[in-house]
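These notes are about the structure you will find just below.
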Amino acid sequence: MPASIRTDLATEVRESFKENVEIKGVEINTRKRSNLTVSTVDIKTKEGSRLMGKPIGRYVSVETMPCLMMEDDDKEKTIEVLTDELRNMCVHMGLGERPESVLVAGIGNRNITSDSVGPKVTDSLDITRHMKIYFPKEHDGISYVSAIAPGVMAQTGMETGDIIKGVVGYLSPKLVIVIDALASRSMDRINSTYQLTDTGISPGSGLGNQRNVLNRKSIGVPVLAIGVPTVVDALTIAYESIESAVRGMEKTEELEQLIGKLDFSRLKDKYVTTKNIDEEVICVSKILKEAINGVFAERR
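For the sequence shown, the numbering used here begins at 351 and goes up steadily by one.
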């Protein structure tokens, strides 16, 4: 059986510990907003980072229903909560509710549906930088918003981080928002959980192809990462299915021998998603786009 369960979500890492186990250096807060669950995981110490396997920082997850199951009211509530949490994260990062300028980077391969969330968000964002430059009076009260979809190394021959760093050097934004696909340990969270973190992101992490980390240290400006799980490791599904099947059964020598003979090797590096992932990614991208526009491109 696999020794660990792959996930990019901090809330799922916390769930892998027993409920009554306190993780030193980690604070958890969970609250309900309408029918949504908002969880905040604050990793405050090196020991907490080691135990969680994630960098020190804040991780906020908003859990709702799968996007295609939502009614219009559900979508509006999800956008409202995401907008508030995005604004709160900017304040937490010391940037105020609306940083003056922001670069949104939609990373991932737009030709792979489950990896195309980032590019689809940037395709439809309200881009305001040029309007602010040429018509400042008419667009007072909103941020300078720029966007880029840098592709992947196989398409450009360049590290995603190097491309973004070059653009940051030219634009000098106050904040970089990086959007990417993630991996979950549960099919129930596919396209229904949104994670925000101030720790940055490793491009391609959701598909097990990590590149250089994009964070404040590597880019030179604060980085806020937004991720949505679109895939589940096939090994995880197999492991949890077997675990569920044997739960409550008496452990016998024959059962242990049977489990020991199971061959998971052919499931390595295999990822599973939903059959309607194309529609779901479009739906999720629209929700993220509206939340980002609500913070940076709408007057208040």
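Just so you know, even glycine gets a beta-carbon here, dropped at the ideal spot from N, CA and C.
Between the CA atoms of residue j and residue i - distance to the nearest angstrom
i: Gly556; j: Met481; result: Reliability fails at Gly556, whose pLDDT of 46 lies under 50, so the model's placement of it is uncertain and no value is given.
i: Val645; j: Met420; result: 22 Å
i: Glu435; j: Val410; result: 8 Å
i: Pro449; j: Asn643; result: 13 Å
i: Glu372; j: Ser389; result: 16 Å
i: Asp473; j: Glu648; result: 18 Å
i: Ile587; j: Glu362; result: 14 Å
i: Ser464; j: Ile627; result: 7 Å
i: Lys396; j: Glu377; result: 13 Å
i: Pro469; j: Ala497; result: 10 Å
i: Ile457; j: Leu608; result: 43 Å
i: Glu364; j: Glu488; result: According to the sequence displayed, residue 364 carries Arg and not Glu. Their backbone Cα atoms lie some 47 Å apart in a straight line.
i: Gly516; j: Thr478; result: 20 Å
i: Ser591; j: Leu521; result: 49 Å
i: Gly375; j: Glu447; result: 27 Å
i: Val578; j: Val518; result: 24 Å
i: Met508; j: Asp392; result: 33 Å
i: Leu617; j: Leu546; result: 29 Å
i: Asn461; j: Ser451; result: 29 Å
i: Thr623; j: Asp490; result: 43 Å
i: Leu612; j: Tyr589; result: 10 Å
N-terminal and C-terminal residue of the alpha helix (DSSP H) that residue i is part of
i: Asp490; result: No alpha helix (DSSP H) contains Asp490, which DSSP labels as neither H nor E.
i: Val307; result: Coverage of the chain is limited to positions 351 through 650, which leaves residue 307 absent and any answer about it impossible.
i: Glu342; result: Absent from the structure is residue 342, since the part of the chain shown begins at 351 and ends at 650.
i: Val431; result: Asp422 to His442
i: Arg539; result: First-last for Arg539: undefined, no H or E at that position.
i: Ser399; result: Lys396 to Met402
i: Thr380; result: Here Thr380 belongs to no alpha helix (DSSP H); instead the beta strand (DSSP E) covers Val376 to Arg383.
i: Pro469; result: Val467 to Ser474
i: Glu372; result: Per DSSP, Glu372 belongs to no alpha helix (DSSP H) and is neither H nor E.
i: Met481; result: Arg479 to Tyr484
i: Arg364; result: Ala360 to Glu365
For residue j and residue i, believed in contact at Cβ under 8 Å, the rounded distance
i: Ala360; j: Lys394; result: That belief does not hold up - the Cβ atoms of Ala360 and Lys394 are roughly 13 Å apart, past 8 Å.
i: Val631; j: Ser466; result: 6 Å
i: Leu432; j: Pro572; result: So it is not a contact: roughly 19 Å between Cβ atoms.
i: Leu525; j: Cys440; result: 7 Å
i: Tyr544; j: Ala584; result: About 23 Å; that fails the 8 Å criterion.
i: Met415; j: Ser542; result: 6 Å
i: Arg535; j: Arg356; result: 7 Å
i: Lys425; j: Ser384; result: Actually they are not in contact, since the Cβ atoms of Lys425 and Ser384 sit about 12 Å apart, beyond 8 Å.
i: Leu564; j: Ile514; result: 6 Å
Beta-ladder partner(s) of residue i, from DSSP
i: Gln607; result: Answer is none; Gln607 lacks a bridge partner.
i: Val573; result: Val526
i: Ser496; result: Leu453
i: Glu509; result: Glu509 is not bridged to any residue.
i: Ser534; result: Val582
i: Tyr621; result: Asp583
i: Leu546; result: Val410 and Ile576
Beta carbon of residue i nearer than 7 Å to that of residue j
i: Ile307; j: Ile569; result: The question about residue 307 has no answer, for the chain in this structure spans 351 to 650.
i: Thr510; j: Pro500; result: yes
i: Leu532; j: Asp358; result: yes
i: Glu629; j: Ile429; result: no
i: Val502; j: Asn459; result: yes
i: Asp548; j: Arg400; result: no
i: Cys633; j: Leu418; result: yes
i: Val471; j: Ile527; result: no
Residue i - containing beta strand (DSSP E), residue span
i: Ala455; result: Ser451 to Gly456
i: Asp392; result: Leu386 to Ile393
i: Gly407; result: Gly407 to Glu413
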